[in-house]
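Asks: In this note's numbering, the protein residues as written are 38 to 412.
Structure provided below as structure tokens; questions to follow.
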């Protein structure tokens, strides 16, 4: 086979091997983390990728040997021309022939950054409904474990009205496994929209990622081990690339959790104030000691900002909120600096109406907190 035809398969095989090796490393880290928290993780994808790396390595070796053997004729011809031309013309004749062989040796290292290209591909979001006068879209984004998961994005009515505006983001956590928060709480977008209509908040883009498996209540696990919260870079990058949102970070991104999703919101606020500017946990139950410990070692310099909102009739929820507030005040390090607010005055004729009003209060708090960051 001519040498130029060998170079292309060598590069493609090398790129594929690097991409698979990167996947093996990521899944190995996820497997170790999952075993730490006694989660069930399927090992088959890791083994398949490892096998792929071995196959690619064998292919690269075979192609490199074939390329080296094929290049001897070229180099030998160049040396013959040097001898025939004499000592005076040797440098000029030899350099072109040797340079023609060198790119083959350096081609593989130059492609190290290429395996990240598939992850950078834009996510396609498709419309699935129009709740609360806005638009709901859904796409597939890689989760912290590398597997695709559903991510729903709600765009407020104002998103189409102003084509130049960029919007802050609320990450909305679900309480159940393998679901999005809007499927558990169909009226949650109505609560967000009503806060805007009443002039209590600016419009938000709401992002509802599908919750992980491994336990019936993922947020209980997160609240018990907040240090395990990962920077969901894939989610932030996908949303930022597809929609007109404020830059990902504490200046424009907040977190909301209702009922079963409340512990996730509290954990995100206390453990990662460098990622989220504020969080609201509505009608939640919390592991106060674990959250206080996570808040003590939080990165960044700004204090965590957290709203704990419960209905007036929810006495158990109020007790849980007070225990968390007390634990944070008595905590060490950054935990004692957390700015925690309580809301316990919402009262209405039904639990659904109270939940809608609590979401409205939470969105108002998030809007005010992002508009006035801690200094």
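Just so it is clear, CB atoms sit at the ideal spot from N, CA and C, and this is done for glycine as well.
These numbers come from a predicted model, not from an experiment.
Could you check the C-alpha separation between residue 314 and residue 237 for me, to the nearest Å?
Replies: Answer to the nearest angstrom: the Cα atoms are 18 Å apart.
Asks: Would residue 186 and residue 175 qualify as a contact pair, given that the criterion is a beta-carbon distance under 8 Å?
Replies: Cβ atoms of residue 186 and residue 175: not closer than 8 Å.
Asks: Measuring CB to CB, does residue 379 end up less than 8 Å from residue 317?
Replies: Cβ atoms of residue 379 and residue 317: not closer than 8 Å.
Asks: Once you ignore the five residues that flank residue 58 on each side, which residues in its own chain have a CB closer than 6 Å to its CB?
Replies: Around residue 58: 90.
Asks: Would you report the Cα separation of residue 55 and residue 249, rounded to the nearest angstrom?
Replies: About 27 Å.
Asks: With 16 as the cutoff for other CB atoms within 10 Å, does residue 409 come out buried or exposed?
Replies: Looking at its Cβ environment, which holds fewer than 16 other Cβ atoms inside 10 Å, residue 409 is exposed.
Asks: Report all residues from its chain with a CB closer than 7 Å to the CB of residue 305; omit the five preceding and five following residues, and keep chain order.
Replies: If we look at residue 305 and ignore the five residues flanking it on each side, its Cβ neighbours are 266, 292, 313, 316.
Asks: Considering only the alpha carbon of each residue, which of 389, 319, 208 lies closest to residue 287?
Replies: Residue 208 is the option with its Cα nearest to residue 287.
Asks: What residue range is occupied by the uninterrupted beta strand (DSSP E) comprising residue 317?
Replies: Run containing residue 317: 316-319, per the beta strand (DSSP E) assignment.
Asks: Between residue 240 and residue 233, how many whole angstroms is the CB-CB distance? I'm expecting something under 8 Å.
Replies: Yes, residue 240 and residue 233 are in contact; Cβ-Cβ is about 5 Å, under 8 Å.
Asks: Closer than 8 Å by C-beta to residue 254: which residues in its own chain qualify, once you throw out the five before and the five after it? Chain order, please.
Replies: Excluding residues within five positions, the ones whose Cβ falls inside 8 Å are 212, 213, 214, 297.
Asks: Between 225, 179, 352, 307, which has its C-alpha nearest residue 60's C-alpha?
Replies: Taking only the C-alpha atoms, the option nearest residue 60 is 179.
Asks: So who's on the other strand from residue 166, going by DSSP bridges?
Replies: Bridge partners of residue 166: 173.
Asks: Enumerated in chain order, which unbroken segments of the alpha helix (DSSP H) with a length of 4 residues or greater are wholly contained in the region 326-400?
Replies: List check, alpha helix (DSSP H) in window: 352-366.
Asks: I need the DSSP call for residue 291, collapsed to helix, strand or coil.
Replies: Reduced to three states, the DSSP call for residue 291 is strand.
Asks: In or out: residue 327 buried (at least 16 other Cβ within 10 Å) or exposed?
Replies: Buried, by the Cβ-count rule.
Asks: Can you check whether the CB of residue 320 is closer than 8 Å to the CB of residue 348?
Replies: The answer is yes: Cβ separation under 8 Å.
Asks: Alpha carbons only, please: which of 273, 369, 324 is nearest the one belonging to residue 258?
Replies: Looking at the Cα atoms, 324 is the closest of the given residues.
Asks: Have a look at residue 98 and residue 82 and give me their C-alpha separation to the nearest angstrom.
Replies: Computed Cα separation, rounded: 24 Å.
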